[in-house]
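Residue numbers (the working numbering), protein chains in the order written: chain S, 1 to 256; chain A, 1001 to 1234. Each remark here refers to the structure printed beneath this line.
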Amino acid sequence: MGAGHAHMLYREASSPVHRLPPEVKIAAMVVFTVAVVATPRAAYWAFGGYALLVVAVAALARVGPRWLLGRALIELPFVLFAFALPFFGTGERVDVAGLSLSVDGLHGAWNILAKGTLGVLASLLLAATTTTRDLIVGLDRLRCPQILTQIATFMLRYLDVLVGEARRMRVARMSRGDDPRFLWQLRGFAAGVGALFLRAFERGERVYLAMVSRGYTGRMPAVWQGAGAATAGQWAAAATVPAIAATIAAVALVLT
Amino acid sequence: MHISNGIIDGPVAAVFAALALAVLTFCVLRGRRDLDDRLAPMAGLVAAFIFAVQMLNFPIFTAGVSGHLLGGALAALLVGPWVGALCVAVVLVVQALVFGDGGVAMLGLNITNMALLGTAAAYLLIALLLRVLPRTPTGLGITAFVSALVSVVVASQGFVLQYWLGGTTDLGGNLAGLSGTMAGVHLLIGIGEGLITATTVVTVAKVRPDLVYALRALKPAVPAPAVPVAGGAR
């Protein structure tokens, strides 16, 4: 549990982006994504502008392109839909390398790939520069209802409990002669999923009771809330990126 | 199932975001009443469980869609419909913000499908089936299986509805095909989800029936819970 305070995507570093308060980063990221999505798909130059912004922030945050692009592959299953569109779209068709493709479908595929990728890169940059704890504090400062931040806190904390418990049960199975390989270990896992849930719950309940007996009332300690709330200057500094993105989106909307 | 940025157009996404926000606000108000010392850690664990389970993605290459387990029925059974919907919503928000699963601008659509539609369909069926079926582990298992199966298919059809309203590419007559593909794929996923939900809930009900929200709601009618308390799950 001691190591459970940063998630696997967090990149430990000291950069201007890391030092920004979390609520500022969350707000900037959301506004940036909305601006990207609102851009008409035919304004190709606008997406180049957004990509430059992402590169600039990544450089400022000392996040390498290799890490960023590697992690961006996570979106692959979600944009597979895009690759089907040129085949199933209607209207005018063109021949590309012997395949009859729909023009509207090709535009649609570009739209999803460009906007999806930019969105994923923006959230990866947020993840790389913000710890789990800061993320919750940021959501709390953005007036997210307490019941939601409470569920989110426990969710992120119990993920480690769940993974640790699953590992212990696997070791227990193996030491009793189970020989898990590739897909066959799924059977053992499926049979034990109920037990895993209960064991993790009982461990999690103890964690919760320990927190309650140390004064937890559903909100993270006031020390975390008070210190380091964003100043007007920090808001202004972080607002540059979404402001540029919003300007690009507005110009693209007017031009097309 | 996660809709990424750009698949549905802006206005429709904004309408569904407003809808999701309104329903979630209601869930927050009702959920506050439910969330006690027993439910708070359970809600966190259910959310963590759903988070872990949603990591398993099955891309379906021929159809160009991806599917995964949703967890709405599990949440509705263990923590009730209000907190359950909040749990799934929290999972989706964190996935969108940090992991880039599903676009941030499409969050309203994703929450409507998976957190609201899925959980609501599951809870309606749970409320109905628990009254009709015998109060045995088998009855509870069947309830969990059926509600999970149906909730996954309902959530997938939510996407089809949204695509019909505001898809960025006109599919014409292929929309029926999309609906069929989504329903077929999610029927298969629903079977897997149903089995996991049923196994988990039946185990929890055997050892700690007090933790199952759906059974707690029924208790006034049946003073002695019919689910046998087996001592040794471990």
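The beta-carbon is built from N, C-alpha and C at its ideal position, and this holds for glycine as well. Note that the structure is predicted; figures quoted are calculated from it, not measured.
Asked, Found
"Mind pulling the chain A residues with CB within less than 7 Å of residue 205(S)?", "1041"
"Can you pull the chain S residues whose beta carbon is under 8 Å from the beta carbon of residue 1051(A), in chain order?", "155 and 159"
"Indicate the three-state DSSP secondary structure (helix, strand or coil) for residue 101(S) in the structure shown.", "strand"
"Run through chain S and tell me which residues come within less than 8 Å of residue 1026(A), C-beta to C-beta.", "None at all; the shortest Cβ gap to chain S is about 12 Å."
"Output yes if chain A places a C-beta closer than 9 Å to the C-beta of residue 42(S); else output no.", "no"
"Using the three-state DSSP reduction, which class does residue 1204(A) fall into: helix, strand or coil?", "helix"
"Do you know whose CA, among 84(S), 67(S), 28(S) and 207(S), lies nearest residue 1007(A)'s CA?", "84(S)"
"Output needed for residue 1051(A): all residues of its chain with C-beta closer than 8 Å, excluding positions within five of it in sequence on either side, in chain order.", "1091, 1094 and 1095"
"Pull the bridge partners of residue 1008(A) from the DSSP assignment, please.", "1167(A)"
"What did DSSP end up calling residue 1212(A) once you bin it into helix, strand or coil?", "coil"
"Express the C-alpha separation of residue 1207(A) and residue 166(S) in angstroms, rounding to a whole number.", "19 Å"
"Compare the C-alpha of residue 52(S) against each of 255(S), 251(S) and 244(S) and name the closest.", "244(S)"
"Note down the Cα distance separating residue 1062(A) from residue 1010(A), rounded to an integer number of angstroms.", "With a pLDDT of 44 at residue 1062(A), under the threshold of 50, the modelled position of that residue is not reliable, and no figure is offered here."
"Starting from residue 1110(A), trace the alpha helix (DSSP H) both ways and give me its first and last residue.", "1107-1110"
"So, is residue 45(S) buried or exposed, given that buried needs 16 or more other C-beta atoms within 10 angstroms?", "exposed"
"Note down, in chain order, each residue of its chain lying with its Cβ closer than 7 Å to the Cβ of residue 199(S), except the 5 sequence neighbours on either side.", "165"
"Please list the residues of the segment 1001-1024 of chain A that have a C-beta atom closer than 7 Å to any C-beta atom in chain S, keeping them in chain order.", "1002, 1004, 1005, 1006, 1007 and 1010"
"What residue range is occupied by the uninterrupted alpha helix (DSSP H) comprising residue 248(S)?", "232-255"
"Apply the 10 Å Cβ neighbour rule to residue 1026(A) and answer buried if 16 or more other Cβ atoms are within range, or exposed otherwise.", "exposed"
"In the DSSP assignment, the alpha helix (DSSP H) including residue 1074(A) goes from what residue to what residue?", "1072-1079"
"In chain S, which residues lie less than 9 Å from residue 1032(A) when you measure between Cβ atoms?", "145, 146 and 147"
"Mind checking which residues open and close the alpha helix (DSSP H) that includes residue 175(S)?", "146-175"
"According to DSSP, is residue 18(S) helix, strand or coil?", "helix"
"Would you say the segment 55-64 of chain S touches the segment 135-144 of chain S, given that touching needs at least three Cβ pairs under 8 Å?", "no"
"Determine which residues share a DSSP beta bridge with residue 94(S) and list them.", "101(S)"
"Which chain S residues are close to residue 1133(A), counting only those with a beta carbon under 9 Å from its beta carbon?", "Within chain S, no residue comes near residue 1133(A); the closest Cβ sits about 19 Å away, beyond 9 Å."
"Measuring alpha carbon to alpha carbon, tell me which of 1178(A), 1213(A), 1203(A) and 1015(A) ends up nearest residue 1107(A).", "1015(A)"
"If you pair each beta-carbon of the segment 1141-1152 of chain A with each one of the segment 1182-1192 of chain A, do three or more pairs fall below 8 Å?", "yes"
"List, in order along the chain, the chain A residues whose C-beta lies closer than 9 Å to that of residue 131(S)?", "Result: empty, since nearest Cβ-Cβ is about 11 Å, beyond 9 Å."
"When we look at the beta-carbon of residue 1082(A) and count the other beta-carbons within 10 Å, is it buried (16 or more) or exposed?", "buried"
"Run down chain A in chain order and give the residues with a C-beta less than 7 Å from the C-beta of residue 208(S).", "1040 and 1041"
"Are residue 153(S) and residue 1044(A) touching if we call contact CB-CB under 9 Å?", "yes"
"Just to confirm my understanding: we take residue 39(S), look at its own chain, exclude 5 residues before and 5 after, and list those with CB closer than 6 Å. What are they?", "46, 249 and 252"
"Should the segment 1116-1129 of chain A be called in touch with the segment 144-151 of chain S, which here means at least 3 C-beta pairs below 8 Å?", "no"
"Of all the CB atoms in chain S, is at least one closer than 9 Å to the CB of residue 1118(A)?", "no"
"In chain order, what residues of the same chain have a beta carbon less than 7 Å from the beta carbon of residue 230(S), not counting five sequence neighbours either side?", "21, 23 and 24"
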